[in-house]
Amino acid sequence: MEEDAVSDAIERVLIDEATIDARVRKLASEISDDYADVQYGESGLVLVGVLKGAFVFLADVARRLTVPHHVDFIALSSYNQGESSGEVRLIMDSRINVADRHVLIVEDIVDTGHTLDYLQRTFRARQPVSLRTCVFLSKPARREVQVTIDYLGFEIPDVWVVGYGLDFADRYRTLPYIGALKEKIYKS
Ligand code: PRP
11 MEEDAVSDAI
21 ERVLIDEATI
31 DARVRKLASE
41 ISDDYADVQY
51 GESGLVLVGV
61 LKGAFVFLAD
71 VARRLTVPHH
81 VDFIALSSYN
91 QGESSGEVRL
101 IMDSRINVAD
111 RHVLIVEDIV
121 DTGHTLDYLQ
131 RTFRARQPVS
141 LRTCVFLSKP
151 ARREVQVTID
161 YLGFEIPDVW
171 VVGYGLDFAD
181 RYRTLPYIGA
191 LKEKIYKS
């Protein structure tokens, strides 16, 4: 990505690459310990990444797991981009039948909580053996629905963040750090 455009858009680095790497390794280690007895296959562990934002986090966590696992994706969208309407739309469903499997939902961020609440209700209805959530960032100040997060990367303040999968208008997703976006960018 063009460096000038990035430096002009990012107010400050909130979480740098080394800090992300250390936290992701710790999370992967905890998950590996917790699922140590789960076998691969029919009753195995399925990571369900929520597109688009979770693709970077899921790739990093999954590659550091020491337990066998399947990878799947689901794509959702809020009806009102930027504004929380509380309504979640299913764009693309996951493919693996999760009945009788252990499901770990992998999300980049929980903001109002509506998306994760929708996901938890949706997957619970599919009767997995277990259902847990792994979330990279949480903004507790924005929460409207209480949701359970089993594995959390970082709590952050209520600022617009980009990088490590997170975007503004589909930009900045591939920055290797979490940066706070300048107000002039999201208000323009
Ligand atoms: C973001 C994020 C979560 C959701 C969280 O997705 O990836 O899925 O919003 O918000 P909530 O807690 O208020 O429901 P977004 O709609 O930006 O789509 P994207 O991941 O494709 O960028």
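Residues 11 to 198 (my numbering) make up the sequence shown, in order. Beta carbons are placed, not taken as given, at the ideal position from N, Cα and C, and that holds for glycine.
Requested in this report: Return helix, strand or coil for Tyr128, following the three-state DSSP convention.
Outcome: The three-state secondary structure of Tyr128, taken from DSSP, is helix.
Query raised in the report: Between Lys36 and Pro186, what straight-line distance do the alpha-carbon atoms span, to the nearest angstrom?
Result: 18 Å
Query raised in the report: Is it the case that the Cβ atoms of Arg33 and Gly163 are separated by a distance below 9 Å?
Result: yes
Query - Sequence-distant residues of its chain with Cβ nearer than 6 Å to Arg183 (five each side left out) - result: Gly175, Asp177
**Report entry** 9 Å Cβ cutoff met for Ser53 and Asp110
**Finding:** yes
Report task. Report the three-state DSSP secondary structure of Leu68 (helix, strand or coil). Result -> helix
Report task. Look at the alpha carbon of Ile159 and the alpha carbon of Arg131, and state the distance between them as a whole number of angstroms. Result -> 14 Å
Query - Nearest to His124 (by Cα), restricted to the options Ser148, Gln49, Val77, Pro167 - result: Each of Ser148, Gln49, Val77, Pro167 was checked against the Cα of His124, and the nearest Cα belongs to Ser148.
**Report entry** Opening and closing residue of the alpha helix (DSSP H) in which Leu37 lies
**Finding:** 27-44
Query raised in the report: Taking buried to mean at least 16 other C-beta atoms within 10 Å of its own C-beta, is Glu117 buried or exposed?
Result: Buried, because 16 or more other Cβ atoms sit within 10 Å of the Cβ of Glu117.
Requested in this report: Let me know the secondary structure DSSP gives Val157 once reduced to three states.
Outcome: Correct three-state label for Val157: coil.
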